[in-house]
Ligand SMILES: *Cc1c(COP(=O)(O)O)cnc(C)c1O
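Numbering (my numbering), first residue to last: 19 to 351.
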């Protein structure tokens, strides 16, 4: 495996810690539950995208880019971390943001990640829901070139093989931590959306010997789309790394039914999971990703998906600024 062969910048605080969740473990009466704190990767409130950006930004610099362009929804954590990485590296940053979550209140468009994107100095373009993000990014790239800049386009979520390498690195990191801390991690559970996170984790866990199962919780409310994205990116990431598998499909495990009506729309189980993690462990989760993923984990434990003797690692992928964009959801609590 040749992870070291790829250029990487240091943007994240690594390794992120692994912590026990003793009260939730006892309350659920199932496997031992641990959390890996990728919400603490450190760059402008952190999150999983910082790991992807360590490779994506290195690729941009290798192409002599002085400008990065990326896309997401108004409350995208990926674009916020990209804006921060660009600021840190002295690159111009252009963001395409679409209104992919309908009917939210004013907080949604003004605070949380939106506030931070502007604070970080990004050039923000707001588009209607359903816009072709790639086409808009290519159009803006042409405009940047005509102004004399050299743009590099990072796909939505940095979910492409270069970005997924950051999560290969995450899997190797927790494998090493497990060895040092004498843990046997049977499964890792996390929020899966644009697919790069799960793809990288699958490739990394296979590279580390395949003892840990990777279970993605679909937060897009579109199981088939998430499955095809994860499978395609995992396949390409494994080829990049020179690892061959002919049973990749057996490793792509994504659980649906936890996303609610659509991406970004609240569910009762998410709301409940956020309150339980906050009040039992002092652990903050977000409404769009980690809250829904943790609700999925709770349900899987309650359905007996794990042996009580097993150890499950919840990968906390971040997203916390979005809590403020959902202020009204917690007003009554
Ligand atoms: C982007 C994101 C994810 C999902 O990662 P993908 O690579 O898009 O599947 C999970 N959690 C948070 C907080 C995110 O911002």
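Where is the CB? At the ideal position from N, CA and C, for every residue including glycine. Just so we're clear, the structure is a prediction, and the values are computed from it rather than from any experiment.
Could you please give me the residues that DSSP links to residue i through a beta bridge?
i	result
residue 110	85
residue 210	236
residue 273	235
residue 13	Any answer about residue 13 is impossible in this case: the structure gives the chain only from 19 up to 351.
residue 52	38 and 331
residue 320	DSSP lists no partner for residue 320.
residue 115	90 and 144
residue 346	Residue 346 pairs with nothing; no bridge assigned.
residue 205	231 and 330
Where do the N-terminal and C-terminal ends of the beta strand (DSSP E) with residue i fall, by residue?
i	result
residue 220	Per DSSP, residue 220 belongs to no beta strand (DSSP E); it is in the alpha helix (DSSP H), 214 to 225.
residue 329	329 to 334
residue 170	169 to 171
At a threshold of 6 Å, does residue i count as lining ligand 3 (C-beta to nearest heavy atom)?
i	result
residue 95	Absence of ligand 3 from the depicted structure is noted, with ligand 1 being the only ligands included.
Tell me where the alpha helix (DSSP H) around residue i begins and ends.
i	result
residue 152	151 to 164
residue 250	241 to 259
residue 198	179 to 198
residue 73	67 to 80
residue 126	124 to 128
residue 26	Careful: residue 26 lies outside any alpha helix (DSSP H) and carries neither H nor E.
residue 133	131 to 137
Within 10 angstroms of its Cβ, does residue i collect 16 or more other Cβ (buried), or is it exposed?
i	result
residue 56	buried
residue 169	buried
residue 191	buried
residue 267	exposed
residue 194	exposed
residue 257	exposed
residue 245	buried
residue 247	buried
residue 137	exposed
residue 327	exposed
residue 177	buried
residue 135	buried
residue 120	exposed
residue 94	buried
residue 345	exposed
residue 116	buried
residue 222	buried
residue 152	exposed
residue 202	exposed
residue 321	exposed
residue 175	buried
Flag this pair as yes or no: are the beta carbons of residue i and residue j separated by less than 7 Å?
i	j	result
residue 324	residue 47	no
residue 233	residue 205	yes
residue 241	residue 219	no
residue 112	residue 87	yes
residue 101	residue 155	no
residue 279	residue 347	no
residue 255	residue 66	no
residue 417	residue 253	Since the first residue of the chain shown is 19 and the last is 351, residue 417 is not available in this structure.
residue 139	residue 105	yes
residue 236	residue 167	no
residue 251	residue 217	yes
residue 312	residue 303	yes
residue 180	residue 77	yes
residue 189	residue 214	no
residue 330	residue 51	yes
residue 75	residue 32	no
Exercise for the section: Evaluate the contact criterion for the region 138 to 145 versus the region 63 to 71: three or more CB pairs, one atom per stretch, below 8 Å. Expected result: no
Problem - Touching by the beta-carbon criterion (3+ pairs, under 8 Å), the region 295 to 304 and the region 219 to 229 - result: no
Problem - Segment contact flag, the region 148 to 162 with the region 194 to 207, C-beta cutoff 8 Å, min 3 pairs - result: no
Handout entry: Cβ contact check for the region 127 to 139 and the region 25 to 42: 3 or more pairs under 8 Å
Key = no
Practice task
Kindly confirm or deny that the region 249 to 265 and the region 306 to 316 touch, where touching means at least three C-beta pairs closer than 8 Å.
Solution key: no
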